[in-house]
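Engineer: Residue numbers (the UniProt record's numbering): 1 to 366.
All C-beta atoms, glycine included, are put in the ideal place defined by N, C-alpha and C.
One structure coming up, written as structure tokens, with questions to follow.
Here it is in structure tokens:
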């Protein structure tokens with residue numbers, strides 16, 4: 001990476017090995033879990049992990065929300081949008097084990113510039129994905145992912161990538177265990193100017209209230225420095241409740257607009273808020289009062305599937321890749337996010353094909 005090269009995206013997040021298993025409602029009840037919620041590991045879930053890891057039918061694959069977004073953004077940037085310069089950069093921490101090697105191999109395979117600190121004492125993080133039909137409940141044992149050190153993120157190679165990125169991205173879920181590090185990352189971006197003189201922007205993928213609550217008072221300091229906020233309808237409502245608003249009194253358009261205009265913001269740029277709503281039109285809103293809807297329903301939905309592991313991450317990756325190329329056309333960015341999500345729903349977030357047929361499918365999917 002040359003000193004004057006601009007890269008599309010820098011992602012600092014929790015690399016995890018996703019372990020996917022089919023369970024029933026009684027299994028969730030046993031561990032006091034709710035459908036479509038995300039949880040941070042504590043000793044109460046030790047037996048759950050032991051049970052899941054012992055299942056022969058489990059599916060294990062490199063993941064973590066931020067890594068999924070980074071891989072999809074790089075795929076969209078290079079193969080769908082046809083950009084030949086700049087690569088997405090991903091930073092995190094893994095253990096010195098096979099899981100960590102799998103995570104690194106997948107990121108490198110997809111062309112992501114990857115900087116992974118390796119912990120000598122903690123194993124690589126795992127995310128238990130408990131599926132009940134289309135519903136997914138996540139329990140993340142971040143383990144070594146929580147050990148990403150300030151020394152590593154301040155190293156020359158990481159700093160070079162960080163300072164060269166158009167957008168800095170992280171997720172709410174990933175930073176429960178290191179809010180102060182996230183604050184330093186985001187605050188540092190406020191003084192960064194890219195080689196062309198433009199401002200670096202920050203973006204975050206939301207999580208549900210069970211995760212947002214873990215931020216505590218530091219959440220306010222993070223939120224006011226976010227230029228781009230991406231989340232689904234439920235996550236936006238949870239955010240509204242955290243802000244002591246009453247989302248039930250607002251339409252989805254009103255809620256997205258209120259987050260864009262009224263949530264604390266340092267006015268670094270123009271804030272953009274994107275709300276996904278499954279097969280309903282996505283909503284975008286800005287702090288300048290622009291608001292709109294974008295039809296995202298696939299032209300040829302696959303077998304009626306409405307959800308897929310990583311679809312939301314894929315939307316974020318597609319949106320951001322498009323945003324870097326055309327930040328003033330949020331409708332286009334939402335369409336590209338929807339195309340990435342549709343591809344993942346129809347295939348798999350682990351299978352980002354680059355052949356002509358696959359790329360044509362993405363380009364024509366919405």
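Identify which residue in 280, 239, 157 and 292 has its Cα closest to the Cα of residue 89.
Structural biologist: Out of 280, 239, 157 and 292, 157 has the C-alpha closest to the C-alpha of residue 89.
Engineer: What's the gap between the Cα of residue 12 and the Cα of residue 26?
Structural biologist: Taking the straight line joining both Cα atoms gives about 36 Å.
Engineer: Out of curiosity, what's the CA-to-CA distance linking residue 295 and residue 323?
Structural biologist: Their Cα atoms are separated by approximately 18 Å.
Engineer: Measure the alpha-carbon distance for residue 189 versus residue 164 and round it to whole angstroms.
Structural biologist: If you take the alpha carbons of residue 189 and residue 164, they lie about 10 Å apart.
Engineer: From 253, 337, 314 and 200, pick the residue whose C-alpha is nearest to that of residue 270; which is it?
Structural biologist: For the residues 253, 337, 314 and 200, the minimum Cα distance to residue 270 belongs to 200.
Engineer: In angstroms, rounded to a whole number, what distance separates the CA positions of residue 282 and residue 315?
Structural biologist: Their Cα atoms are separated by approximately 11 Å.
Engineer: Name the DSSP bridge partner or partners of residue 141?
Structural biologist: Answer is 126, bridged to residue 141.
Engineer: Which residues mark the beginning and the end of the alpha helix (DSSP H) in which residue 88 is found?
Structural biologist: Counting along the chain, residue 88 falls outside any alpha helix (DSSP H), and DSSP gives it neither H nor E.
Engineer: Are residue 349 and residue 310 touching if we call contact CB-CB under 8 Å?
Structural biologist: Yes; because the gap between Cβ atoms is below 8 Å, this pair is in contact.
Engineer: So is residue 276 buried or exposed if we call it buried at 16+ other beta carbons inside 10 Å?
Structural biologist: By the 10 Å Cβ count, residue 276 comes out buried.
Engineer: May I have the straight-line CA-CA distance separating residue 338 from residue 329, to the nearest angstrom?
Structural biologist: Spanning the two alpha carbons is a distance of roughly 14 Å.
Engineer: Does the count of Cβ pairs from the region 116 to 124 and the region 43 to 61 closer than 8 Å reach three?
Structural biologist: At 8 Å Cβ cutoff, the stretches do not touch.
Engineer: List the DSSP bridge partners of residue 203.
Structural biologist: Its beta-bridge partners are 169 and 228.
Engineer: With 8 Å set as the bound, which would you pick, yes or no: does the beta-carbon of residue 51 sit closer than that to a beta-carbon of chain C?
Structural biologist: Within the model displayed, chain C is absent; a lone protein chain is all it includes.
Engineer: Could you pull out every residue in the same chain whose Cβ sits closer than 6 Å to the Cβ of residue 344, ignoring the five residues on either side in sequence?
Structural biologist: Taken in chain order, the residues that qualify are 308, 310, 311 and 314.
Engineer: So, residue 9 versus residue 169, is the Cβ gap smaller than 8 Å?
Structural biologist: Yes, Cβ-Cβ distance for residue 9 and residue 169 is below 8 Å.
Engineer: Is the number of C-beta pairs between the region 135 to 145 and the region 75 to 94 that are closer than 8 Å three or more?
Structural biologist: Output reads yes: the region 75 to 94 touches the region 135 to 145.
Engineer: Taking residue 237 as the reference, give the member of 226, 228 and 257 with the closest Cα.
Structural biologist: Selected option, being the one with the closest Cα: 257.
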